[in-house]
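Q:
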Amino acid sequence: MKRIYLGALFLLHFVCNNYGFSQGFQVNFLSQRQQGMGLAGSAAPYDASALFCNPGSTVFLDENNLVVGVTPVFGNVMFVDSSTQTAYRSNSPVGTPFSMYAMFQLKPAAKLKFGLSINTPFGSTIQYEDNWIGRFALTRLELKAIFIQPTFAYRIADHIGIGGGFVISKGKVNLQKDIPVQDSSGTYGHAELAGKAIGFGYNLGIYFNPSKQLSVGLSYRSKINMNLPNGEATFTVPNALAANFPNGGFTGSLPLPSVTTLGFAYHPCSAFTVVLDINRVGWKAYDTLAFDYATNTSSLSDTKSPRLYKSIFAFRSGVEIKPCKSLALRIGGGYGFCPVPNGYVTPETPDGNRIYGTLGIGYSFCEKFCIDASFYYTKITRSDTNLETNLSGTYTTIALAPGLSISYKW
Amino acid sequence: MVKRNSFFKQIVFVCLFGFTLTSCKPKENLLPNSPGEINLQQFVAIGDGQTAGYMDDALYLYGQQNSFGSILQTQLQLVGAGEIYNPLMGNANIGTNSSLLSKLILGYKTDCLGATGLSPVRFAQQGEVGALTTSVYSSQNKFTNFGIPGFRMIDISSSQIGNPNDQKYNPYFGRMSKDQFTWPVWSGDWSSVQENIFDGGYPTFCSIYLGIEDVLPYARSGATQNPMSPLAGFPGIGFEESLTQLCEQLNSQNVKAVVGTIPDITKMPYFTTIPYNGLNLDAEKAASLNQIYGPLGFSFIVGPNSFMIEDPAAGAFGVRPMVEGELILLSVPLDSMKCHQYGSVYPLRDEFVLTLAELQVIRNQILAYNQVIRQHSNLYGFALAETADFYAKLNDGFVYNGVSMSSKFVSGGAYSLDGIHLNPRGNALLANVFISAINKTYKSSIPFANALFYSSTYFP
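So the sequence lines, in the order shown, correspond to chains A and B. Oh and the first sequence: position 232 is 319 in the working numbering, straight run, nothing missing. Oh and the second sequence: position 304 is 317 in the working numbering, straight run, nothing missing.
1. Out of Ser-388(A), Ile-485(A) and Thr-472(A), which has the shortest C-alpha to C-alpha gap to Ile-213(A)?
2. How long is the line joining the alpha carbons of Pro-437(A) and Tyr-482(A), rounded to whole angstroms?
3. Taking Cβ-Cβ distances shorter than 8 Å, what residues in chain A pair up with Val-412(B)?
4. List the residues of chain E that Asn-163(A) touches, going by C-beta distances under 9 Å, in chain order.
5. Is the beta carbon of Asn-383(B) closer than 8 Å to that of Lys-280(B)?
6. Got a sec: is the Cβ-Cβ distance from Gly-273(A) to anything in chain B below 8 Å?
7. Kindly indicate the opening and closing residues of the beta strand (DSSP E) around Cys-411(A).
8. Give the list of continuous alpha helix (DSSP H) stretches no shorter than 4 residues that lie fully inside the region 387-463 of chain B.
9. Does the Cβ of Ile-6(B) have 16 or more other Cβ atoms within 10 Å, making it buried, or fewer, making it exposed?
10. Could you tell me which chain B residues have their CB closer than 9 Å to the CB of Gln-269(A), listed as they occur along the chain?
11. Regarding Phe-400(A) and the ligand GDP, is the C-beta to nearest heavy atom distance less than 7 Å?
12. So the candidates are Ile-293(A), Ser-451(A) and Asn-473(A); which of them puts its Cα closest to the Cα of Pro-393(A)?
13. With distance defined between alpha-carbon atoms, name the residue in Leu-131(B), Asp-124(B), Gly-120(B) and Leu-114(B) nearest to Gln-138(B).
14. Taking only beta-carbon positions, decide if Leu-302(B) is within less than 8 Å of chain A.
15. Let me check understanding here. Comparing Cα to Cα, which of Ser-419(B), Ile-278(B), Lys-181(B) and Asn-264(B) lies closest to Leu-223(B)?
16. By Cβ distance, which residues of its chain are closer than 6 Å to Leu-262(A), with the 5 residues on each side in sequence left out?
17. Does any residue of chain B have a CB that is nearer than 8 Å to the CB of Gly-420(A)?
18. Would His-389(B) be called buried (16 or more neighbouring beta carbons within 10 Å of its own) or exposed?
19. DSSP has Ala-71(B) in a bridge; who is on the other side?
20. Got a sec? Which residues, its chain only, sit under 6 Å from Tyr-306(B) by beta carbon, not counting five neighbours each side?
21. Between Ala-224(A) and chain B, is the shortest Cβ-Cβ distance under 8 Å, so that the two count as touching?
22. Within 10 angstroms of the Cβ of Thr-35(B), are there 16 or more other Cβ atoms? Answer buried if so, exposed if not.
23. Can you tell me which of Thr-375(A), Gly-420(A) and Phe-378(A) puts its alpha carbon nearest to the alpha carbon of Ile-365(A)?
24. With distances taken from CA atoms, which of Tyr-464(A), Thr-145(A) and Gly-480(A) is nearest Cys-37(B)?
25. Quick one, which residues of the region 164-175 of chain A are near chain B if we go by CB-CB under 9 Å, in chain order?
26. What does Val-416(B) touch in chain A if you count any residue whose Cβ is under 8 Å from its own?
27. Check the Cβ of Ala-327(A) against every Cβ in chain B and list those closer than 7 Å, keeping chain order.
28. Per DSSP, what are the beta-bridge partners of Ser-177(A) in this structure?
29. Can you tell me the Cα-Cα spacing of Phe-400(A) and Phe-161(A), whole angstroms?
30. Tell me, please, whether the CB atom of Leu-487(A) is closer than 8 Å to any CB atom in chain B?
31. Excluding sequence positions up to five away, which residues of its chain have a Cβ less than 8 Å from the Cβ of Ile-386(B)?
32. Between the region 231-245 of chain B and the region 209-223 of chain B, are three or more C-beta pairs nearer than 8 Å?
33. Excluding sequence positions up to five away, which residues of its chain have a Cβ less than 6 Å from the Cβ of Arg-176(A)?
34. Applying the criterion that 16 or more other CB atoms from any shown protein chain within 10 Å of the CB defines a buried residue, is Cys-125(B) buried or exposed?
35. If I'm right that Leu-126(A) touches Arg-403(A) with Cβ under 8 Å, what's the distance once you round it to whole angstroms?
36. When burial is assigned at 16 or more other CB atoms within 10 Å of the CB, is Gln-266(B) buried or exposed?
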């Protein structure tokens, strides 16, 4: 019974919600193999997920490959308000970052590879319990971005590959909060800002393997500005104030930051691989969250909330051991600095410096078909007093994410 | 290797299928609450209308349940305080003021110009009249809230305010007094508030928030009547000795207390909502006023002008324009101002205005009262709640958990519709000032109230 219920739950949320629990609202669940090895491995191409992780590295995969993966994320945020010593919890839906990769070559060992990557490297759905103390800052935020990236890669020398892709990001935003005005029965007002967003960017990578044991990759995914040209603002307020909160359009934009990754892979023998990735994430782009309403009133003016995020580094590392040819065991972990400065932590992204651990397993049923699974766990604690809302307390986030992908190559 | 593999598979299995989210929830590590050096076995809140829950110009049940006294005790209950016993009114919403009018709500009102807009209006045609003549005293459940609307510091041991035949009789006290409207033969005199508080045992801890009513009635009369309580004089006459007498009583029984200072009441919306220079004139009206007042040396311009007021000290005619800093009270007849040239052709009467000189006197008196309160808190080791600082912060405006609070009338979120008493949310914020003081002085850890749990103004 329980299995059926949970299965239904998964289906319901499949391709629906992502729960942002990497730095900011970045989601690093791109490849199950990387998810087993501490989210690192951009210099160790494994399957078609390399199209996204480092397009240049795909040229050394001599195959056509289809990969489909999903990583249900179970995230729980608890906020303990420091002055009232009361705990409030999130009841966010299960997130489902997913990825689909298709990589082709026209003939075996071809120099040119091409493919398509569809995945969700950014997103967040967070919902707090009813009547929580921060309800006038946020009750629910859903950010969704699906990256569609056609990609080409070329082997320019025996040991060097380059690749690039054009990224179309389609997304949606739905932000809700309560408004501190009460009607005659004491019910608070509510605001919902919703809209579809679109943005464009690119993804470049270069890959170099100077020796059989060592490979190095450098990739750059550009910043993408997600624009909401036709947002819809809906306000539920007492009748007497309806004119102050007119429903109508709004515009806004949200930057998805650039990600630069320098990766190393060392595999002294075929049964053993160590990977290290260093990420630089350009969160500095997230300076302000602005909403421009079509109709302004004395109660509804355009908002400009400072975010002042900082660009950050993240260090990720993992190992893979293959006790036999068909089985791979993986373990890894990492540390990411938090882009959110003190005074700017919001219920949207209750983020802090994080340490996390991962486990993974890969199994090839035959030459063509393999399954990879991973498990991710992190716990983040962050105390802050937000300068805009004066919301003051400690956020504790526990997230765990078991992932699964199926790969078929020919 | 095989063993670890199966362990790993188990984890995946548990998380994928047998998942109960509880295992992944962060644990609550809340700071432990502690009463510190105080004993809350018997708590009593002593004060005026604010402590009673008087708001929207009436005492009504919902207000009482959300009074400063009740909210403070609700928090104190987390560290051992007992059940709250309020002298509750019968009806949740009607209530009554001393003129037997019901509470104010925000409704629609059409003014003399025919414009309909939001305005405080009476909730019912008549207040909850019988409530003031019905005793709610119970010898079983001693009141934990001795907040009494209109109660002054100098009334603390007065037998007059409990005497229905006395001019100083306070019906809000009468209905809760143990005398139950009957002259107590055995003691020979009507019992005082203090006697009621100490009846059947002293409290172990109390909050004292008195003094506003020693000056407010004077300010509300435009400094024309209801003189302020003098500083000096015997208990019952002078502010200082009345407080000393109470503190001595408490101290003799080792009762601990938190005592609040008095805010600058002249910064409350009742006094600050109508601007002194709100006389907006067009060319025609300005010319006509210039004709009238030109001979007196006053001139008017197109646009905003000062209202005209009566001031006996102002020249032979006793009329002058207001100057910046002077205040018009919310009791002023607004329709007359809008439609009948009240405040321009006809100067505002003294009772609707506080002049700079009057304000100076009032503010000096508050400073003097506060000096006395601070000295006493110091002398008796009582915690001191600097409510004056809180009210000043409210005047500047601040953001509380994403909600803007200020002392603006109606929209500020903290004052009730009478422009003097706080609403439930304001009371919660005020209670937090007292909690902060208690925690500091008595080394206790009492959590603050969540003010957003308490309501603000309701809009139609």
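Backbone N, C-alpha and C define an ideal beta-carbon position, used for all residues, glycine too. All values derive from a computational prediction rather than experimental measurement.
A: Answer, in terms of the structure:
1. Nearest C-alpha to Ile-213(A) among Ser-388(A), Ile-485(A) and Thr-472(A): Ile-485(A).
2. Using only the alpha carbons, I get a separation of about 6 Å.
3. By Cβ distance, chain A contributes Glu-475, Thr-476 and Asn-477.
4. Considering every chain present, this structure includes no chain E. Its protein chains are A and B.
5. Their beta carbons are not under 8 Å apart, which means Lys-280(B) does not touch Asn-383(B) by this criterion.
6. Taking a beta-carbon distance threshold of 8 Å, Gly-273(A) counts as an interface residue toward chain B.
7. Its beta strand (DSSP E) spans residues 399-411.
8. You should have 400-409 and 437-455.
9. Residue numbering for chain B in the displayed model covers 14 to 473; residue 6(B) lies beyond these limits and cannot be assessed.
10. In chain order: Ser-468, Ser-469, Thr-470, Tyr-471 and Phe-472.
11. Ligands in the displayed structure: none, and consequently the ligand GDP is not present.
12. When only C-alpha atoms are compared, the closest one is Asn-473(A).
13. Closest by alpha carbon: Leu-114(B).
14. Chain A places no beta carbon closer than 8 Å to that of Leu-302(B), leaving this residue out of the contacts.
15. Per the Cα distances, Ile-278(B).
16. Hits under 6 Å: Leu-228 and Leu-280.
17. Residue contact with chain B for Gly-420(A): absent (no Cβ-Cβ distance below 8 Å to any residue of chain B).
18. Buried is the call here.
19. In DSSP, Ala-71(B) forms a bridge with Met-68(B).
20. Excluding sequence neighbours, Tyr-306(B) sits near nothing in its chain.
21. At a cut-off of 8 Å between beta-carbon atoms, Ala-224(A) makes contact with chain B.
22. Confidence at Thr-35(B) is low in this model, with a pLDDT of 43, below 50, so the placement of that residue should be treated as unreliable; the coordinate-derived value is given next. By the neighbour-count rule (16 or more Cβ atoms within 10 Å), Thr-35(B) is not buried but exposed.
23. Each of Thr-375(A), Gly-420(A) and Phe-378(A) was checked against the Cα of Ile-365(A), and the nearest Cα belongs to Gly-420(A).
24. Ranking Tyr-464(A), Thr-145(A) and Gly-480(A) by Cα distance to Cys-37(B) puts Tyr-464(A) first.
25. So the close ones are Val-164, Met-165, Val-167, Asp-168, Ser-169, Ser-170, Thr-171, Gln-172, Thr-173 and Ala-174.
26. Within chain A, the residues placing a beta-carbon under 8 Å from that of Val-416(B) are Phe-223 and Pro-267, ordered along the chain.
27. Think of a sphere of 7 Å around the beta carbon of Ala-327(A): the chain B residues whose beta carbon falls inside it are Leu-131, Phe-472 and Pro-473, in chain order.
28. Ser-177(A) is bridged by DSSP to Tyr-215(A).
29. Those two C-alpha atoms are separated by around 25 Å.
30. Yes, Leu-487(A) lies at the interface with chain B (some Cβ there is under 8 Å from its Cβ).
31. Here the set comprises Gly-224, Leu-256, Val-272, Gly-273, Thr-274, Ile-275 and Leu-397.
32. The region 209-223 of chain B and the region 231-245 of chain B do not touch, with fewer than three beta-carbon pairs separated by less than 8 Å.
33. Short of 6 Å from the beta carbon of Arg-176(A), and not among the five residues preceding or following it, lie these beta carbons of its own chain, in chain order: Met-165 and Glu-216.
34. Answer is exposed; the Cβ neighbour count stays below 16.
35. Leu-126(A) to Arg-403(A), Cβ: 5 Å. Contact.
36. By the 10 Å Cβ count, Gln-266(B) comes out exposed.
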